[in-house]
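Participant: So the sequence shown is numbered by the working numbering: it starts at 592 and just counts up by one.
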Amino acid sequence: MKQPLAQLLVSVTKKYLSIFSQQTEGLDIDRYQYVLVLIKLHNEQLTQKALSELLEVDKSFMVNIIDYLSSKGYVLREKNLNDRRQQVIKLTDKAREAVPKIESVISRLNKKSLENVSANEIETFSNVLLQINNNLSEIKPKDIVIKTRNKIK
592 MKQPLAQLLV SVTKKYLSIF SQQTEGLDID RYQYVLVLIK LHNEQLTQKA LSELLEVDKS
652 FMVNIIDYLS SKGYVLREKN LNDRRQQVIK LTDKAREAVP KIESVISRLN KKSLENVSAN
712 EIETFSNVLL QINNNLSEIK PKDIVIKTRN KIK
């Protein structure tokens, strides 16, 4: 591999998200648009905890995301009728109107991103990314230690 994996992934992510942000700038949110799509895909039945697990973010960061989307009028927290300790995240009418636009941008951007890439290559790419994610999930921070001769003081 000519280029470090992390550098390539960061470069692709920055370009993708930059274009995504430009194409959704008509919305009054500049981040976390995909969270709205996830909530819709799960029929507005996700708890904060389930959403944080899906996004692989810690609970406190999830609270910040929900607070931001709530302050912009896109989501509401409702008590889970099955477990009063939990909150289910619901979309507002404003979000329900925005989600099809977000999905359209995602669809167009994905189509453009994968232009001139065969179906087999896309499947292989997806499988490789999933395997990389699984491999990295198995690593505990203490497993990767950089050893040097000199101690840093």
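Backbone N, C-alpha and C fix where the C-beta goes; we use that ideal spot for every residue, glycine too.
Is Asn634 helix, strand or coil by DSSP?
Facilitator: Taking the first residue of the sequence shown as position 1, residue 634 is located at position 43. Coil at Asn634, not helix or strand.
Participant: Within its chain, find whatever has a CB closer than 8 Å to the CB of Gln614; leave out the 5 residues flanking it on each side and keep chain order.
Facilitator: The residue you call residue 614 lines up with position 23 of the sequence shown. Val696, Arg699 and Leu700.
Participant: In terms of residues, what are the limits of the beta strand (DSSP E) holding Leu682?
Facilitator: As a working mapping, residue 682 is identified with position 91 in the sequence shown. First-last of the beta strand (DSSP E) with Leu682: Gln678 to Leu682.
Participant: Within a Cβ cutoff of 8 Å, which residues of the same chain sit near Leu618, ignoring the five residues on either side of it in sequence?
Facilitator: Along the sequence shown, one-based indexing puts residue 618 at 27. Take Leu618, set aside five residues on each side of it, and the residues of its chain with a beta-carbon closer than 8 Å to its own are Gln624, Ala689, Lys692 and Ile693, in chain order.
Participant: Would you identify the three-state DSSP class for Arg675, choosing helix, strand or coil?
Facilitator: In the sequence shown, the residue the question calls residue 675 occupies position 84. Arg675: coil per DSSP, three-state reduction.
Participant: By DSSP's criteria, Glu647 is part of a beta bridge. Which residues make up the other side?
Facilitator: Locating residue 647 in the sequence shown gives position 56, counting from the first residue. Per DSSP, none; premise fails for Glu647.
Participant: Return the CA-CA distance between Glu714 and Met592, expressed in angstroms with no decimal places.
Facilitator: Counting from 1 along the sequence shown, the entry for residue 714 is found at position 123. Counting from 1 along the sequence shown, the entry for residue 592 is found at position 1. Glu714 and Met592: Cα-Cα distance of roughly 20 Å.
Participant: Using DSSP with H/G/I as helix, E/B as strand and the rest coil, what is Val690?
Facilitator: Looking up residue 690 in the sequence shown gives position 99. Reduced to three states, the DSSP call for Val690 is helix.
Participant: If you count every other CB in all the chains shown that lies within 10 Å of the CB of Ala710, and 16 or more means buried, which is it?
Facilitator: On the sequence shown, position 119 is the one that residue 710 refers to. When all chains shown are included, Ala710 counts as exposed.
Participant: Which value, in whole angstroms, describes the spacing of the CA atoms of Lys650 and Gln594?
Facilitator: Counting from 1 along the sequence shown, the entry for residue 650 is found at position 59. Counting from 1 along the sequence shown, the entry for residue 594 is found at position 3. About 34 Å.
Participant: Taking just the CA atoms, how far does Lys663 sit from Glu616?
Facilitator: Residue 616 sits at position 25 when you count from the first residue of the sequence shown. Residue 663 sits at position 72 when you count from the first residue of the sequence shown. Their backbone Cα atoms lie some 14 Å apart in a straight line.
Participant: Which stretch, first to last residue, makes up the alpha helix (DSSP H) that contains Val813?
Facilitator: One cannot answer for residue 813 here, as it falls past the ends of the chain, which runs 592 to 744.
Participant: Buried or exposed for Ser643, going by 16 or more other Cβ atoms inside 10 Å?
Facilitator: Here the question's residue 643 lines up with position 52 in the sequence shown. So Ser643 counts as buried.
Participant: Look up Arg668 in the DSSP assignment and say whether it is helix, strand or coil.
Facilitator: Your numbering for residue 668 matches position 77 in the sequence shown. Strand at Arg668.
Participant: Do Ile667 and Glu635 have their C-beta atoms closer together than 7 Å?
Facilitator: Counting from one through the sequence shown, the residue named residue 667 turns up at place 76. Counting from one through the sequence shown, the residue named residue 635 turns up at place 44. Just to set this straight, residue 667 is Leu in the shown sequence, not Ile. Going by C-beta atoms, Leu667 is not nearer than 7 Å to Glu635.
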